[in-house]
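Colleague:
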Amino acid sequence: MFSARLINHKDTCMLNICDTELLGRTLNRGSFTLKISEKYYAEQVEKEEAKEMLKRSDNINMAGKEIISLSVDMGIGTQDGVKEIDGVPFLVVFKM
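Mapping the sequence shown onto the numbering used here, position 80 (from 1) lands on 1538, and the numbers just tick up by one.
Below, the structure is given as structure tokens:
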């Protein structure tokens, strides 16, 4: 299970998606803070729906081992692009 927010603006589709167990956490790295709020990541999606969202999105922000593993297995992003914020893997993908 994943938690997501899909934003469509003009001709662009942006997906913010994370492993559900990260909901409610605040990640810190230096002066950077990332809140993973239940209110923002309001949509709960199963693996197959997450795959479809990953395929059709132009820009993707991912947090968590499971969603990043799924996307890398699909050929969307690479392990080389993964960074860690407060011990949690984070990956940003821009499709051109």
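Beta carbons are placed, not taken as given, at the ideal position from N, Cα and C, and that holds for glycine.
All of these numbers come straight from a predicted model, not from anything done at the bench.
Mapping the DSSP letters down to three states, classify GLU1501 as helix, strand or coil.
Modeller: Correct three-state label for GLU1501: strand.
Colleague: Is the Cβ of GLU1506 closer than 8 Å to any Cβ of chain B?
Modeller: Of the chains in the structure shown, none is chain B; there is only one protein chain.
Colleague: Count the other CB atoms within 10 Å of the CB of ASN1486; is the residue buried (16 or more) or exposed (fewer)?
Modeller: With fewer than 16 other Cβ atoms within 10 Å, it is exposed.
Colleague: Taking the alpha-carbon of GLY1533 as reference, which of PRO1547, ASP1544, PHE1552 has the nearest alpha-carbon?
Modeller: The candidate whose alpha carbon is nearest that of GLY1533 is PHE1552.
Colleague: Using the beta-carbon count (16 or more within 10 Å), is PHE1490 buried or exposed?
Modeller: Answer is exposed; the Cβ neighbour count stays below 16.
Colleague: Considering only their Cβ atoms, is the gap separating ILE1465 from ILE1518 smaller than 8 Å?
Modeller: No, the pair does not count as a contact, with Cβ atoms beyond the cut-off.
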